[in-house]
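If you're matching positions, the first sequence starts at 2 in the numbering used here and goes up one per residue.
Note sheet for the following structure.
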Amino acid sequence: MSRSAGGRRPRLDIEVPESWLAIYAVVRRIPKGKVASYGQVALLAGLPRAARLAGTALFHGPAELVSKIPWQRVVNAAGRISYSEARNGSDHRQRELLEKEGIEFTPAGVIRMSKYGWDGK
DNA sequence: GTTCTGACTAGGA
DNA sequence: CTCCTAGCCAGAA
């Protein structure tokens, strides 16, 4: 064969870990107006307890891919938007996107998961 | 192979 | 409610 085994089309030059792709596949299923925690996403991706990986995949993943999925719908288990100096303000952008979807924040900046949490179905 | 790191988490103070 | 800690996993060096 002249093509790589499996015949899968590359689409991207950079190589993305298989587990990251699994993460993206789950994030893509989160409905508008709902949010999921990193741990929940990892679990549904078949990577139980790899919550940190979900965060890594969304943060360090290729923008071409991440920008095509509702990355803003993933927050931490406490219902808060995770902060990091390295985010360089994208945390604020995340909140804007979520509010635009109808998600409300308490004065303390918390999303009530009982109301906006995705049931995974 | 080892070591370090992090958009995490549950639990305790 | 906030702050701190130990445990966790996979990727990167």
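Heads up, the beta-carbon is just placed ideally off N, CA and C, and yes, glycines get one too.
In this text the structure is predicted, and so the values were computed from the model without any measurement.
With 16 other Cβ atoms within 10 Å as the buried cut-off, status of residue i
| i | result |
| --- | --- |
| SER38 | buried |
| LYS35 | buried |
| ALA46 | buried |
| ALA79 | exposed |
| GLY90 | exposed |
Whole-angstrom C-beta distance between residue j and residue i, which should lie under 8 Å
| i | j | result |
| --- | --- | --- |
| GLN73 | GLN95 | 5 Å |
| VAL111 | ARG81 | 6 Å |
| ILE31 | TRP119 | 5 Å |
C-alpha gap between residue i and residue j, whole angstroms
| i | j | result |
| --- | --- | --- |
| ASN77 | GLU102 | 18 Å |
| TYR117 | LEU98 | 14 Å |
| ILE70 | VAL27 | 10 Å |
| LEU54 | MET114 | 21 Å |
Which residues DSSP lists as bridging residue i, in chain order
| i | result |
| --- | --- |
| SER38 | VAL76 |
| ALA118 | Just to set this straight, residue 118 is Gly in the shown sequence, not Ala. According to DSSP, which records beta bridges pairwise, GLY118 is partnered with VAL36. |
Notebook entry, point to check: In chain order, which alpha helix (DSSP H) runs of at least 4 residues are fully inside the region 78-106?
Noted result: Fully contained in the region 78-106 are the following alpha helix (DSSP H) runs of length 4 or more, in chain order: 91-101.
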